[in-house]
Each structure stands twice: as structure tokens, then as C-alpha cells.
Amino acid sequence: MIEMHYSKKLNEEVQQKFKEHYGKDCGLLFSPGRINIIGEHTDYNSGFVMPGAIDKGIHCAFAKNNLNSIRMYSLDFDQELIISTDHTEPVATQWANYILGVFAILRDKKLKVSGFDMVFGGDIPIGSGLSSSAALENAAGFALNQLFDLQLNSVTLAKVGQQAEHEYAGVRCGIMDQFASALGKEDHVLQLDCQSLEFEYIPAHFGEYEIILFNSKVKHSLAESEYNMRRATCEEGVQLLQKFFPQVKSLRDATLEMLEQEKHEFSSETLNCCSYVIEENERVSQASEALRKGQLQKLGSLLFASHQGLSEKYRVSCDELDFLVDLAAVYPTIIGARMMGGGFGGCTINLVKKAAKENIIHDFQKAYRAKFQIELESYEVRLSKGTHIINSQNYE
Ligand code: GAF
Numbered sequence: 001m002i003e004m005h006y007s008k009k010l011n012e013e014v015q016q017k018f019k020e021h022y023g024k025d026c027g028l029l030f031s032p033g034r035i036n037i038i039g040e041h042t043d044y045n046s047g048f049v050m051p052g053a054i055d056k057g058i059h060c061a062f063a064k065n066n067l068n069s070i071r072m073y074s075l076d077f078d079q080e081l082i083i084s085t086d087h088t089e090p091v092a093t094q095w096a097n098y099i100l101g102v103f104a105i106l107r108d109k110k111l112k113v114s115g116f117d118m119v120f121g122g123d124i125p126i127g128s129g130l131s132s133s134a135a136l137e138n139a140a141g142f143a144l145n146q147l148f149d150l151q152l153n154s155v156t157l158a159k160v161g162q163q164a165e166h167e168y169a170g171v172r173c174g175i176m177d178q179f180a181s182a183l184g185k186e187d188h189v190l191q192l193d194c195q196s197l198e199f200e201y202i203p204a205h206f207g208e209y210e211i212i213l214f215n216s217k218v219k220h221s222l223a224e225s226e227y228n229m230r231r232a233t234c235e236e237g238v239q240l241l242q243k244f245f246p247q248v249k250s251l252r253d254a255t256l257e258m259l260e261q262e263k264h265e266f267s268s269e270t271l272n273c274c275s276y277v278i279e280e281n282e283r284v285s286q287a288s289e290a291l292r293k294g295q296l297q298k299l300g301s302l303l304f305a306s307h308q309g310l311s312e313k314y315r316v317s318c319d320e321l322d323f324l325v326d327l328a329a330v331y332p333t334i335i336g337a338r339m340m341g342g343g344f345g346g347c348t349i350n351l352v353k354k355a356a357k358e359n360i361i362h363d364f365q366k367a368y369r370a371k372f373q374i375e376l377e378s379y380e381v382r383l384s385k386g387t388h389i390i391n392s393q394n395y396e
């Protein structure tokens, strides 16, 4: 019996809307967002990450419709879109592309999918960097898998979601978000090798500390183009290294010594990005050991070091995130903090002493308001089970 931590209210709302709107019963699933303890911008470099699924996500009601159309309804936008199943191009409504993209990719794989209805709603704040898009892609993939008995496993569905993000949202993301959302486990994080997709679950025991997210409530407009540019810079770095070290297929195979030896070949920007990725991969393996051994202070300092690399070398932070992490560093009751996800806004992840939590949240809100005139939000998240069907009884 799985204990449910996620919003029962949203489950009821999507089912009720579905009945009202499409006049029939439906299946139901939950697809979570994710946090990432450490390992940022390493996934598309075939490196290592340590994410986990959370108890915030997308709640989704679904059924076949025996029409040649996809009827989708977003509770959050209070908007419906009906698209022919023959449609292949991305549409102007961004949220619909995550669903449409997954459908089109499955159909292109010659899998037998046809018309369906879907109502979804979420409790992941938009733009918070907790991967609502990956959660929605997985929701679509798992719903179609169930409806049309596709027999695809969670890893394959995560890959389909990633492909949809590339082709229908234009972000050349790695696999971390879809993978964590699909394969999360209660009270565990995943240590994932993004090259082989081998992974292990690590119990998330933080002792007298807990994870608190601070949502900067900013999302700078360049986030997506800068993301793709960082990926291109890393690829350029690999090409340069390959001239001297043919065994280097990705930055995962590179070392700081290799970079040092050939540094005259690199622009300072490429050199910084590559060395950040190499160092971050090393931090993931140290963090894994620290978490397993309960060395929480060590884990915390790795988080701070990760942020410094992301801010100074990889340059994907912003004033708001730097402010929050700098402030965290002042508090002895916060043992680690860093920006999380793609960057340029979204949340920081903090390891905060439970007993000091209330005061810290209050102080942070006050300081952030004074500096940026923005109401900082804080979230406590539980590590949760990945995307799963809650009710498959009535989806015909
Ligand atoms: C975003 C991407 F979607 C992930 O694949 C990952 O690269 C992350 O940014 C940075 O670590 O969330």
C-alpha cells in the first residue's frame, strides 16, 4: 500500500473536470517534479547526477476517445486544445507541445496510438525549475502506455519525454528530469550514470537537517537559449580535446590534467565550462559517499562548491540565486545550498537544521523582500515515487 503524500484535492479536481467536460470515466495518474541534490549540467555531458522525485507534480485524468483527435485540458490555464492526431508540428500553446510531442514520437515509432482525452493540473509552481515540463511529458507517456497497452518501460518513456523536449520545446536537455520523475522512489534519491543509465537508489537520510527549497520567483528570459549554448560549448570542448586525446568521447572521459595540458587551445569560456563539468562529476561521486556515510557537513560543502562553479565558471546563476546562496553561507544552521536545475532563476536547494527552519524562512523572506521587492516562497518537499497510475479501471 503506497501512502499518498500528493494532493488528493487535485486528483479529485482533474477527475471531476474530466467527467464534466468529456462525459465519461477516466484513468488517473500522478507524475512528479524533481529536485537535484547535486550534479548540474552534467547529464547532457554523459556524466552523473543525484536527483529525486518529489510530492509535487502533475495530476492527470485520461481516456481513449475513439475520435481522430487529441483533446487536452489544462486546469491551470483553464484552457482546452483539440488537435487532430495527424498533426505533427509543434503548436503555439506551449503546454500542449509536451503532450503532442510525446504522442507524435510514439506514433513515429510505429506504436499504435490514437485519439485520447486528457485533463491535467499541477502544484509545481511554474518557472520554479522543479521540472513541470518533464512531469507533463511523463504523464502523457505513461497515460498513452496504459491506454494503448504499449508495454514500454519507465526508462523508455523517460527517453521519449526527453525527445519531446528537444523536438517540441526546443530545449536540448539531458535525461535527468524525465528520468527522476519517472523512476523516483519514496525517501530516496537516485544516483544516475547518464551515459549507461545505470542507477542506484540512495536512502535520503539527512539526520537533523532537511531540504528546504527557496523559489527566487525569477526566470530570466535567456534561460533556454543560454542552456543550449552551454551544451554547444561543452561539445566544442570535447571536439578540441579529441584532437589530442581520441579516447575522450564526452567530458565524462576528460580530466583536469588534459585540460591543463592543452589549455592554450581553448577560449577561457570553453575552458571554464569544461573544468566545471569535470569537477561537478567528481563532486557527485564524493556527495554519494558522504550521503551514504551520513557525512552531512561534507555533503553540504559540496553543495556550496557546486554553486560556486555554476555561478563563476559555468555562468548559469543570477543575482537573485547568488544572493540566496550567499545568505545561506552566513548561517551555521544551513550546511549547504546551491542553485538547482538549468539556472537563471528557479529554486535554490538548502540543507537546513530542522530546529532553525522557521526562523530561517522568516529571515530569508525579509532579506529577499528588502533586496529585490519579491516575496520569496519556501517549500518543504518529500522524496516520492515516480510517475505512476493511480486508477486504471475506467479508461476505456
Ligand atoms: C534542466 C535540464 F532539463 C536537465 O536535463 C539538466 O541539464 C538541468 O537543467 C541542469 O542540470 O533541468
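Letter by letter, the sequence shown follows residues 1 to 396 of full-length UniProt numbering. Glycine included, every Cβ here is placed at the ideal spot set by N, Cα and C. Every value quoted in this text rests on a predicted model; they were computed, and no experiment measured them.
Beta-bridge pairing by DSSP links R34 to A53.
With respect to the 8 Å criterion, G346 and G184 are not classified as neighbours on the basis of their beta carbons. Using a C-beta cut-off of 8 Å, the segment 194-207 makes contact with the segment 34-52, since at least three inter-stretch Cβ pairs fall below that distance.
Going by beta carbons, S74 and W95 fall inside the 8 Å limit. Residue A143 holds the alpha-carbon nearest to the alpha-carbon of N391 among I124, A104, A143, T85. Beyond the five residues adjoining it in sequence on each side, V284 comes within less than 8 Å, by CB distance, of I38, G39, T42, G47, F48, V49, M50, Q191 in the same chain, given in chain order.
In summary, A328 is buried, with 16 or more beta-carbon neighbours lying within 10 Å of its beta-carbon over all protein chains present. Looking at the backbone, the Cα of G141 and that of A164 are separated by about 10 Å.
The beta carbon of A204 sits closer than 7 Å to the beta carbons of G52, D187, H188, V189, L383 from its chain, once the five residues preceding and following it are set aside; these are given in chain order. Between N272 and R252, the C-beta gap is not smaller than 8 Å, which leaves the two residues out of contact. By the C-beta criterion, the segment 101-114 is judged not to be in contact with the segment 5-24, since fewer than 3 inter-stretch pairs fall below 8 Å.
Each residue's CA atom was taken as its position, placing L222 and I211 some 28 Å apart.
Excluding the 5 residues flanking it on each side, D76 has same chain C-beta neighbours closer than 7 Å at G121, G122, in chain order. The Cβ atoms of Y314 and L213 lie no closer than 8 Å to each other. Scanning K110, K56, M118, A134 for the CA closest to the CA of C26 turns up M118. Boundaries of the alpha helix (DSSP H) harbouring C273: 268-293, taken from the DSSP string.
Runs of the alpha helix (DSSP H) lying entirely within the UniProt domain "GHMP kinase C-terminal" (289-369), each at least 4 residues long, are 296-308, 319-330 in chain order. With contacts defined by Cβ atoms closer than 8 Å, T333 and A370 do not form a contacting pair.
A distance criterion of 7 Å places the beta-carbon of S131 in contact range of the ligand GAF, judged by its closest non-hydrogen atom.
The DSSP-derived three-state label of A158 is helix. If you compare the alpha carbons of E80, E375, A337, L351 with that of Q308, the shortest gap goes to A337. At a threshold of 7 Å, G161 does not count as near the ligand GAF, since its beta carbon sits no closer than that to any of the ligand's heavy atoms.
Distance between L310 and L150, taken at the CA atoms: about 40 Å. Residue pairing from DSSP places A61 in a beta bridge opposite L28, V119. Burial check for E320: the Cβ neighbour count within 10 Å reaches 16 or more, so the residue is buried. Check the Cα spacing between P32 and each of K298, S132, G161, N66: the tightest is with S132. For E200, there is no enclosing alpha helix (DSSP H); the enclosing beta strand (DSSP E) has its first and last residue at 199-203. Distance from the C-beta of D55 to the nearest heavy atom of the ligand GAF is not below 7 Å. For N138, there is no enclosing beta strand (DSSP E); the residue is part of the alpha helix (DSSP H) that begins and ends at 132-147. By the beta-carbon neighbour count (other beta carbons within 10 angstroms, threshold 16), I82 is exposed. Per the Cβ contact rule, the segment 349-364 is not in contact with the segment 166-178 (fewer than 3 Cβ pairs under 8 Å). Residue pairing by DSSP puts K219 in a beta bridge opposite G345. Counting C-beta atoms within 10 angstroms of its own C-beta, E89 has fewer than 16 neighbours from the protein chains shown and is therefore classed as exposed. Between R230 and L130 a beta carbon distance of about 20 Å is seen, past the 8 Å cut, so the two are scored as non-contacting. By alpha-carbon distance to L324, the top candidate from I361, A290, Q297 is I361.
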